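Each protein sequence line maps, in turn, to chains A, B and C. No gaps in the numbering here: position 72 of the first sequence is 72 in our numbering, and each next residue is one more. To convert, count from 1 in the second sequence and add 1000; that's our numbering. To convert, count from 1 in the third sequence and add 2000; that's our numbering. Every residue, glycine too, gets a C-beta built ideally from N, C-alpha and C. No experiment lies behind these values; they were computed from the predicted model shown. See structure below.
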Amino acid sequence: MKHYRKELWFEAPTRRAFINITRQVEECLRESSIKQGLLLCNAMHITASVFINDDESGLHHDYEVWLEKLAPHAPVEQYRHNGYEDNADAHMKRQIMGREVVVAVTDGQLDFGTWEQIFYGEFDGRRKKRVLVKIIGE
Amino acid sequence: MKHYRKELWFEAPTRRAFINITRQVEECLRESSIKQGLLLCNAMHITASVFINDDESGLHHDYEVWLEKLAPHAPVEQYRHNGYEDNADAHMKRQIMGREVVVAVTDGQLDFGTWEQIFYGEFDGRRKKRVLVKIIGE
Amino acid sequence: MKHYRKELWFEAPTRRAFINITRQVEECLRESSIKQGLLLCNAMHITASVFINDDESGLHHDYEVWLEKLAPHAPVEQYRHNGYEDNADAHMKRQIMGREVVVAVTDGQLDFGTWEQIFYGEFDGRRKKRVLVKIIGE
């Protein structure tokens, strides 16, 4: 069994952002030389997500509006977590969008449908944060 | 390490549907001859889900009503994604229900609790769509 | 390839609870002797979750309030699932918080960011329920 590990670093200039990381994850897979297996890609922070969806700016705008409706940032005093922080909503948004994706590796490629793309979802940005890529297989 | 891959195809006659795919996934596991490992089952489309829950029609009705409340289909103009399409809500419903499940394989069986069943969740149906099953182990 | 399996049992004294199970999962990993691989940790019940987030009591209170707003328990008659049961809301809360986590194993450790902790999320407690830990690797 082969195994591979890499951290990807991001620093979104805004509080919230969606960043397409598919190319970077594909580069990890190439580096690993793994042809058949499973690839895990997860946020290492609890106010961020890794998820798979469409690379379409209209949809990303819709997600932003929708998540703000389901888990509003303000007023920050509505959340007990916001004693020294103001990011309780980010912990909720991340649960809806998810922490991680597991992707099949087949013939050395991400085994994806036509429109599947991997995103880093930032909900409390403006600082450096990490994503983990771990691949096992052969 | 053994590995196995199969695509399952579905065409729901309605926009939204929940289809129990447990038997088909079990058949994949039998074909793979894998006795110990991990099984990934994911939607290959970004307006569909694979999730594990109860095979109970009342609950599925409740899910339908609940998802429509959290991410309503209409009015379709409320979403920027709906320029040429009308499925923005499907991209949201899929995030709540999830893209994928990872299931333990033990003694050649899906290692499930009593009520766990795997469902394909369709949120933009009336066309052929795929689910991927990938198994690694020994 | 090595593989390891264990069931963890919980009985929350209340309907809903968040229980930090990180130490127990780490103990499983030690027992497995696996140094590189993937660890799956999932609820074996469909009214419970396993998720990764912060061990902060204010946040857990916020989650409780938030989940109750998105998927209210009462009135129980609003859900068709609640014929003989009263736990339809638990099936919904579990979809938002998720069934499972997959964690990278590196150098015999859970490969976690600073604040990542694993929780059992109970939404229909006051009875014995199980979590599965499955690890594969070498």
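Nearest chain C C-beta to residue i closer than 9 Å, yes or no?
| i | result |
| --- | --- |
| A:E136 | The sequence as given places Ile at residue 136 of chain A; Glu does not occur at that position. True, the Cβ-Cβ gap to chain C drops below 9 Å. |
| B:I1019 | no |
| B:L1132 | no |
| A:I96 | yes |
| A:R5 | yes |
Hey, does residue i have any beta-carbon neighbour from chain A nearer than 9 Å?
| i | result |
| --- | --- |
| C:H2073 | no |
| C:E2068 | no |
| C:Q2024 | no |
| B:A1012 | no |
Does the CB of residue i have a neighbour CB from chain B at under 9 Å?
| i | result |
| --- | --- |
| A:F123 | no |
| C:L2029 | no |
| A:M1 | yes |
| C:L2038 | yes |
Taking the alpha-carbon positions, what's the residue i to residue j distance?
| i | j | result |
| --- | --- | --- |
| C:T2047 | C:G2125 | 9 Å |
| A:Q78 | C:F2112 | 29 Å |
| B:H1045 | A:V103 | 13 Å |
| C:I2052 | C:T2022 | 9 Å |
| C:G2137 | A:G98 | 24 Å |
| B:G1108 | B:S1033 | 7 Å |
| A:Q117 | A:E26 | 11 Å |
| A:H73 | C:L2070 | 16 Å |
| A:Y63 | A:F123 | 12 Å |
| A:D54 | C:P2013 | 42 Å |
| A:L174 | A:H61 | Since the first and last residues shown for chain A are 1 and 138, residue 174 of chain A lies out of range. |
| B:E1085 | A:G121 | 24 Å |
| B:N1082 | C:F2010 | 45 Å |
| C:N2042 | A:V50 | 19 Å |
| B:V1105 | A:F119 | 29 Å |
| B:K1035 | C:K2006 | 16 Å |
| C:A2088 | C:V2076 | 8 Å |
| A:V133 | A:V101 | 10 Å |
| A:M1 | C:L2038 | 12 Å |
| A:F18 | A:G58 | 12 Å |
| A:Q24 | C:R2127 | 45 Å |
| C:W2066 | A:E68 | 13 Å |
| C:Q2095 | B:V1131 | 19 Å |
| C:H2003 | C:I2135 | 6 Å |
| B:T1114 | B:K1093 | 26 Å |
| C:K2129 | C:R2080 | 24 Å |
| B:H1091 | B:R1015 | 13 Å |
| C:L2008 | B:L1110 | 18 Å |
| A:E31 | C:E2056 | 38 Å |
Name the chain A residues that come within less than 8 Å of residue i, Cβ to Cβ?
| i | result |
| --- | --- |
| B:E1100 | V101 and V102 |
Just curious, the alpha helix (DSSP H) that residue i is in, first and last residue?
| i | result |
| --- | --- |
| C:Q2095 | A2088 to M2097 |
| C:Y2063 | S2057 to L2070 |
| A:S32 | T22 to S32 |
Check for me: the beta strand (DSSP E) holding residue i runs from which residue to which?
| i | result |
| --- | --- |
| B:T1106 | E1100 to T1106 |
| C:R2005 | K2002 to F2010 |
| B:V1131 | K1129 to G1137 |
| B:G1037 | G1037 to A1043 |
| A:F51 | A48 to N53 |
| B:G1113 | Counting along the chain, B:G1113 falls outside any beta strand (DSSP E), and DSSP gives it neither H nor E. |
Using the beta-carbon of each residue, which ones in chain E are nearer than 7 Å to residue i?
| i | result |
| --- | --- |
| B:Y1079 | The displayed structure is made up of protein chains A, B and C, and chain E is not among them. |
Under 7 Å between beta-carbons, which chain B residues line up against residue i? List them in chain order, please.
| i | result |
| --- | --- |
| C:A2088 | L1059 and D1062 |
Exercise for review: Taking only beta carbons into account, state which residues of the stretch 1047–1062 of chain B come closer than 8 Å to chain A, listed in chain order.
Suggested key: none
Check your understanding: At a Cβ cut of 9 Å, what residues of the stretch 1104–1122 of chain B count as close to chain C, listed as they run along the chain?
Key -> A1104, V1105, T1106, D1111, F1112, G1113, T1114, W1115, E1116 and Q1117
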